[in-house]
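K.L.:
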Amino acid sequence: MKKKTYYHIILDQSGSMQDCIEPTISGFNEQVQVIRSLQQRYAEQELSIGLTCFNDEVNIVSFGRPVNEQRQLTREEYRPNGPTALYDAIGETVLRIKDRLASTAQVQEDTSVIVVILTDGHENASRLFTGKGISNLIRGLEAGGKWTFTYLGATYDAREVAAALSIKRENSMAFEKDQMKETYSKLSKSLGNFFENKKYNRNSGSFLFGENE
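When the letters of the sequence shown are read in order and numbered with the numbering used here, they come out as residues 168 to 380.
1. Starting from the C-beta of serine 183, find all residues in its chain whose C-beta is less than 6 angstroms away, skip the five residues before and the five after it, and write them out in chain order.
2. Specify, as a first and last residue, the run of the beta strand (DSSP E) that tyrosine 209 falls within.
3. Could you check what DSSP says for arginine 369 in three-state terms: helix, strand or coil?
4. Enumerate, from N- to C-terminal direction, the unbroken alpha helix (DSSP H) stretches of 4 or more residues contained entirely within the segment 219 to 288.
5. Alanine 341 lies in the beta strand (DSSP E); which residues open and close that run?
6. By Cβ distance below 6 angstroms, which residues in the same chain neighbour glycine 194 in space, the five residues on each side in sequence not counted?
7. What do you get for arginine 242, buried or exposed, if any count of 16 or more other CB atoms within 10 angstroms of its CB means buried?
8. Since serine 302 and leucine 332 should fall inside the 8 angstroms C-beta cutoff, what is the C-beta to C-beta distance between them, to a whole number of angstroms?
9. Tell me where the alpha helix (DSSP H) around lysine 171 begins and ends.
10. Count the other CB atoms, across all protein chains shown, that sit within 10 Å of the CB of arginine 326; report buried if there are 16 or more and exposed otherwise.
11. Suppose you measure from the CA of isoleucine 177 to the CA of glutamate 276; what does that come to, to the nearest Å?
12. Count Cβ pairs between the segment 316 to 323 and the segment 333 to 342 that sit closer than 8 angstroms; are there 3 or more?
13. Three or more C-beta pairs closer than 8 angstroms, one from the segment 205 to 225 and one from the segment 248 to 256: is that the case here?
14. Between alanine 331 and chain C, is the shortest Cβ-Cβ distance under 8 angstroms, so that the two count as touching?
15. Measuring alpha carbon to alpha carbon, tell me which residue in Gly298, Glu337 and Glu197 is nearest phenylalanine 316.
16. For the beta strand (DSSP E) containing glycine 311, name the first residue and the last one.
17. Check each candidate in Cys187, Phe221, Lys335 and Tyr174 and name the one with the smallest Cα separation from glutamine 198.
18. Compare the beta carbon distance of proline 247 and isoleucine 188 with 8 angstroms and say whether it is the shorter of the two.
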């Protein structure tokens, strides 16, 4: 039976992302291509991919799809506007994944979930979830050893924001919006490193490749 991994990106689509639309879209699409190559290289593993875009509303664009079925992100789908309901985006996405796992007849011991949060701003619009609630949710899931949360923020205090959400420092990173392509490239390398470790049942303790200093 193949080792399974759910990989889900939660992508900021608030108004402040308007100045990096093209690199955000192209970066995501290039990463999908890289992930397809990884799926071929590690054929003994099975990767499902998903995407959530959010502003003050949460849109789960795709969920739990085989890599080859993930379509490209387009300008028609990704149109930044509005405020930032970060907590709601995380909460709704995570509960959806939990429901999927709960409904699966047999969840393998080596099933993994990677949730990547990419944002350029701070929470200011959530109605359903609080920061404390999200922090408790993430802490509880990561304690089980199957879930990994990664936070990439285009703000000076990205690692502090991640820490407040119980996301480990080695799985958080601050970046500049003009480095969006490089940021996606880092994610792709990190996922390749994750697949290699999973193949040999190794646990590196971190997801972001090179961020554990």
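Glycine included, each C-beta is placed from N, C-alpha and C at the ideal position. All values reported here derive from a predicted model rather than from experimental measurement.
P.N.:
The relevant details are as follows:
1. Sequence index remark: in the sequence shown, residue 183 carries index 16 (1-based). Once the five neighbours on either side are set aside, the close Cβ partners of serine 183 are Asp287 and Gly288.
2. For the purposes of this step, residue 209 is identified with residue 42 of the sequence shown, where counting begins at 1. Per DSSP, tyrosine 209 lies in no beta strand (DSSP E) segment and is marked neither H nor E.
3. Mapped onto the sequence shown, residue 369 falls at position 202. The answer is coil: DSSP assigns arginine 369 none of H, G, I, E or B.
4. Look at the segment 219 to 288 and you find these whole runs of alpha helix (DSSP H), each 4 residues long or longer: 253 to 270.
5. Mapped onto the sequence shown, residue 341 falls at position 174. From DSSP, the beta strand (DSSP E) with alanine 341 extends over 339 to 341.
6. For the purposes of this step, residue 194 is taken as residue 27 along the sequence shown, with counting starting at 1. Counting only residues of its own chain and dropping the five nearest sequence neighbours on each side, glycine 194 has a CB closer than 6 angstroms to the CB of Met347, Lys348 and Tyr351.
7. For the purposes of this step, residue 242 is taken as the residue at position 75 of the sequence shown. Under the 10 Å beta carbon count, arginine 242 is surrounded by fewer than 16 other beta carbons and is classified as exposed.
8. Here the question's residue 302 lines up with position 135 in the sequence shown. Here the question's residue 332 lines up with position 165 in the sequence shown. About 5 angstroms separates the two Cβ atoms, so the contact holds.
9. Here residue 171 corresponds to residue number 4 of the sequence shown, with the count starting at 1. Where lysine 171 is concerned, there is no enclosing alpha helix (DSSP H), although the beta strand (DSSP E) it sits in stretches over 170 to 179.
10. Looking up residue 326 in the sequence shown gives position 159. It is buried - the Cβ of arginine 326 has at least 16 other Cβ atoms within 10 Å.
11. Locating residue 177 in the sequence shown gives position 10, where the first residue counts as 1. Locating residue 276 in the sequence shown gives position 109, where the first residue counts as 1. Taking the straight line from one Cα to the other gives about 25 angstroms.
12. The segment 316 to 323 vs the segment 333 to 342: in contact.
13. Touching, per the Cβ criterion.
14. No chain C is part of this structure, which consists of one protein chain only.
15. By one-based count along the sequence shown, residue 316 stands at place 149. If you compare the alpha carbons of Gly298, Glu337 and Glu197 with that of phenylalanine 316, the shortest gap goes to Glu337.
16. Taking the sequence shown and counting its residues from 1, the one referred to as residue 311 is at position 144. Premise fails: glycine 311 is in no beta strand (DSSP E) and is neither H nor E.
17. Here residue 198 refers to the residue found at position 31 of the sequence shown. Minimum Cα distance to glutamine 198 is reached at Tyr174.
18. Working through the sequence shown from its first residue, we reach residue 247 at position 80. Working through the sequence shown from its first residue, we reach residue 188 at position 21. Here proline 247 is near isoleucine 188, since their CB atoms are less than 8 angstroms apart.
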